[in-house]
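J.: Count the sequence shown with this note's numbering and you get residues 37 to 575, in order.
Don't be surprised by glycine CBs; every beta carbon is placed ideally from N, CA and C.
Here's a structure for you.
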Amino acid sequence: MSTSSPLNAENTPPIGDAGSARPERRVAINSGLLLAAFSFQAAVSLIMVGIIARYLGQAGLGRYAYAVSFIELFIALVDMGMNRILVREISRDLPQSDRLTSAIWTLRTLLALAVMVVVGVMAAQTGDRELWLAVMVYYVAQVVFLMGDVFGAVFQGYQRMEYQFWGINIAQVSLLAVTLLVVWLDWGLVALFAARLVANGLRLAYLWRTSVTRGFARASFMPETVRGGWIALRSSPAALRSWRRDGKEAARAVVNAAGEKMGAAWQNVALSWHMLVESAPVGISLLLRSYIWRAGVVLTVLWLGQTQGDLVNGVLYGPLRAVQQLRIIPAAFAAAMLPVFSNRVGARQSEFDTAFAKSLKLFFAISLLIGLAFTFLADPLVELLLGESIDLAAAAAVLSLLGWVIVLYFPNWLYGVTLVALGRQRLETVGLFLGAAVGLVVAYLTIPAYQAMGVVYAIFAAEGIFFVVGTGAMWRHFHWRRLLPSLLRIVLAGALTGLVFLLGNLLFLRLQAGGVVPGGTLGAVLEVLVVGLIGLAGF
37 MSTSSPLNAE NTPPIGDAGS ARPERRVAIN SGLLLAAFSF QAAVSLIMVG
87 IIARYLGQAG LGRYAYAVSF IELFIALVDM GMNRILVREI SRDLPQSDRL
137 TSAIWTLRTL LALAVMVVVG VMAAQTGDRE LWLAVMVYYV AQVVFLMGDV
187 FGAVFQGYQR MEYQFWGINI AQVSLLAVTL LVVWLDWGLV ALFAARLVAN
237 GLRLAYLWRT SVTRGFARAS FMPETVRGGW IALRSSPAAL RSWRRDGKEA
287 ARAVVNAAGE KMGAAWQNVA LSWHMLVESA PVGISLLLRS YIWRAGVVLT
337 VLWLGQTQGD LVNGVLYGPL RAVQQLRIIP AAFAAAMLPV FSNRVGARQS
387 EFDTAFAKSL KLFFAISLLI GLAFTFLADP LVELLLGESI DLAAAAAVLS
437 LLGWVIVLYF PNWLYGVTLV ALGRQRLETV GLFLGAAVGL VVAYLTIPAY
487 QAMGVVYAIF AAEGIFFVVG TGAMWRHFHW RRLLPSLLRI VLAGALTGLV
537 FLLGNLLFLR LQAGGVVPGG TLGAVLEVLV VGLIGLAGF
């Protein structure tokens with residue numbers, strides 16, 4: 037494939053940070069920016085859950101959760117993990133950013149149109165017109181979000197996350213403002229999802245304009261990809277015969293011979309195909325991960341019925357959303373580290389292993405602290421999050437157990453990123469497939485009996501299987517003589533922190549029983565602050 041690109045002729049990328057002599061400083065800056073932005077995003081998301089729970093009630097929140105979960109099972113087919121591949125390729129070859137970005141933009145547009153038809157047909161099976169419309173509006177909103185993510189990946193490839201920082205903040209402020217307007221005017225379920233469409237549209241406009249005006253990358257639809265795909269499809273019978281007779285290279289030669297009639301445009305078709313093939317394992321992994329975390333919400337409706345399923349999902353959605361928002365922590369660090377990991381694979385393997393070990397220790401320590409916090413603060417957290425219209429006792433039980441999935445989820449996220457950097461993303465797909473299969477069996481056995489807790493058991497099983505596979509895949513990068521003592525110290529610190537949390541919790545409950553501190557919402561706020569700070573200080 038030619039390395040020259042007419043798309044890049046106008047702009048020379050102005051960024052030199054990707055090859056900076058101080059990569060640690062750039063990683064720290066990028067991680068801090070993304071962590072701040074994702075933290076704000078998580079805070080807004082939790083505020084949104086509280087607003088929507090109080091506005092719709094338990095059954096209404098269950099319908100909202102069903103629409104969100106239904107789309108997240110399909111949207112991964114549009115995402116296809118292309119952002120990670122785009123970050124990796126841009127970080128390796130900055131001058132090709134326009135062609136790479138345009139290839140992803142084209143693929144995502146075509147996939148979005150195809151999946152939209154499937155979503156529309158599948159969503160109509162419920163026979164609920166309002167729910168169907170809500171699902172379709174949310175689907176379009178998520179497609180707009182993913183198109184903005186193309187430019188977010190460009191900024192990650194250049195290691196300039198400050199622009200992504202502002203894009204996230206613009207979207208969250210807009211989302212909160214429009215949602216409050218919808219609730220105030222009582223416009224209903226569909227309008228809540230329309231608010232996301234408005235916010236994601238503003239984010240896309242900002243990221244697109246910034247990328248183009250500052251010379252990072254342009255995204256152009258490549259119509260030749262459609263024509264090239266048709267040519268490849270028509271030549272596939274001959275290519276298949278050549279494969280059987282002479283092997284894969286002969287089959288590739290047949291397809292290339294047919295495509296050469298397009299001239300130089302065939303190079304863009306080949307690039308799009310390459311990006312799709314590279315993204316496919318990551319895309320399947322995203323689909324499986326969405327299934328692991330979201331399928332339970334859909335399965336409760338299928339196995340328990342619409343009415344009971346909505347009530348169960350009303351309990352489940354708040355804790356599930358709260359735990360999922362904590363992915364901001366590994367996501368922020370992983371987004372900053374992916375180009376660094378990619379640059380260190382091979383010749384700088386020792387630096388790769390060192391960065392991996394440091395990231396693993398950090399993720400394990402943070403996840404352990406979060407698991408302890410959810411165990412001892414579940415009651416006040418769900419009261420603050422959901423209000424009094426939800427079964428708070430059931431929600432607290434779900435949150436206290438689901439929080440411990442984080443101890444598996446954080447390392448699993450790191451495994452996924454490092455396997456992409458190593459070019460071994462197919463192992464992530466295998467691990468998630470096995471995890472999803474085991475999770476489905478556990479869900480089938482436990483959801484009818486334990487309802488919301490059955491979904492938690494299924495998620496635990498799935499993440500546990502992937503943790504085992506990921507650990508095995510990265511085993512040779514573990515230097516146990518240096519790593520094991522650090523992990524043992526973290527476990528000891530966690531045990532002591534659990535004791536501190538327990539004592540702090542008992543003290544607060546005694547003060548509350550004696551009337552020293554108030555109950556209700558104010559008491560919940562004080563308990564989260566006081567006991568949380570005591571536990572954090574103990575850690």
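1) Rounded to whole angstroms, what is the Cα-Cα separation between E314 and V305?
2) From the DSSP output, in three-state form, read off I578 for me.
3) For the alpha helix (DSSP H) containing K397, list its first residue and its last residue.
4) Is P521 buried or exposed, if buried means 16 or more other CB atoms sit within 10 Å of its CB?
5) From Y445, L463, I140, pick the residue whose C-alpha is nearest to that of A509; which is it?
6) Is the distance from the Cβ of D115 to the Cβ of A253 below 8 Å?
7) What residue ranges within the region 495 to 562 form continuous alpha helix (DSSP H) runs of no fewer than 4 residues, ordered along the chain?
8) Leaving aside the five residues before and after K297 along the sequence, list all residues of the same chain whose C-beta is less than 8 Å from its C-beta, in chain order.
9) I'd like the list of long-range same chain contacts for L92, defined as Cβ closer than 8 Å, with 5 residues on each side in sequence excluded.
10) Distance check for Y174 and T215, CA to CA, integer angstroms please.
11) Who are the near neighbours of L538 in its chain, counting only those whose CB is closer than 8 Å to its CB and skipping five residues on each side?
12) Is DSSP giving F257 helix, strand or coil here?
13) With I442 and I406 assumed to form a contact (beta carbons below 8 Å), what rounded beta-carbon distance in angstroms separates them?
14) Which of the three DSSP states is assigned to E296 in this structure?
15) In this structure, how does DSSP classify F377 when only helix, strand and coil are distinguished?
16) According to DSSP, simplified to helix, strand and coil, what is Q487?
17) Are the Cβ atoms of R518 and A432 separated by less than 8 Å?
18) On a Cα-Cα basis, can you pick out the residue from G459, L322, I87, A230 that is closest to W449?
19) As an exercise, report each continuous alpha helix (DSSP H) stretch of at least 4 residues that is fully enclosed by the region 436 to 496, in chain order.
20) State the DSSP-derived secondary structure class of W223, mapped to helix, strand or coil.
21) If I measure Cβ to Cβ from G475 and keep anything under 7 Å in the same chain, skipping five residues before and after, which residues do I get?
22) Between which residues of its own chain and A103 is the CB-CB distance below 8 Å, once the five residues before and five after are set aside?
23) In terms of residues, what are the limits of the alpha helix (DSSP H) holding M183?
24) Is the beta carbon of N119 sitting closer than 8 Å to the one on A189?
25) With 16 other CB atoms within 10 Å as the buried threshold, where does V80 fall?
26) Out of V290, G264, G265, state which residue places its alpha-carbon closest to the alpha-carbon of L276.
27) Between which two residues does the alpha helix (DSSP H) containing T343 stretch?
28) Go ahead and pull the three-state DSSP assignment for W279.
29) Could you check which residue in V466, A401, L421 has the C-alpha nearest to that of W440?
30) Give the C-beta separation of A316 and N236 to the nearest angstrom, bearing in mind that I take them to be a contact with Cβ-Cβ under 8 Å.
31) Might you give, ordered along the chain, the residues of its own chain that have their beta carbon closer than 7 Å to the beta carbon of L339, omitting 5 neighbours on each side?
32) Whole angstroms is fine: what's the gap from G551's alpha carbon to V154's?
33) I'd like the list of long-range same chain contacts for L43, defined as Cβ closer than 8 Å, with 5 residues on each side in sequence excluded.
34) So, with DSSP's three-state summary, where would you put M116?
35) Where does G68 sit, in a helix, a strand or coil, going by DSSP?
36) What number of angstroms, rounded off, separates the C-alpha of Y242 from the C-alpha of R250?
T.: Checking against the coordinates, here is how it stands:
1) 14 Å
2) Here the chain comprises residues numbered 37 to 575, so residue 578 is not present and cannot be evaluated.
3) 385 to 422
4) By the neighbour-count rule (16 or more Cβ atoms within 10 Å), P521 is not buried but exposed.
5) L463
6) Cβ atoms of D115 and A253: not closer than 8 Å.
7) 516 to 549
8) Hits under 8 Å: I267.
9) In the same chain as L92, and ignoring 5 residues on each side of it, the C-beta atoms closer than 8 Å to its own belong to R99, Y100, L225, in chain order.
10) Looking at the two C-alpha atoms, the distance is approximately 14 Å.
11) F412
12) coil
13) 5 Å
14) It is helical.
15) Three-state DSSP puts F377 in a helix.
16) coil
17) In this structure, A432 does not lie closer than 8 Å to R518 by Cβ.
18) L322
19) Here the runs fully enclosed are 442 to 457, 461 to 486.
20) coil
21) I328, A494, I495, A497, A498
22) Around A103: L167, A170, V171, Y174, L225, F229.
23) 165 to 193
24) yes
25) buried
26) V290
27) 342 to 361
28) helix
29) The residue from V466, A401, L421 with its alpha-carbon nearest to that of W440 is A401.
30) Rounded, the Cβ-Cβ distance is 25 Å, inconsistent with contact.
31) One detail in the question is off: residue 339 reads as Trp in this sequence, not Leu. Closer than 7 Å at the Cβ level, and outside the excluded window around W339, lie I483, P484.
32) In a straight line, the C-alpha of G551 is about 58 Å away from that of V154.
33) Because L43 sits at a pLDDT of 41, beneath the cut-off of 50, its placement in the model cannot be relied upon, and the following sentence gives the value as read from the coordinates. Excluding sequence neighbours, L43 sits near D134, R135, S138, R254, S256.
34) Note: M116 maps to coil in three-state DSSP.
35) helix
36) Approximately 12 Å, taken between the alpha carbons.
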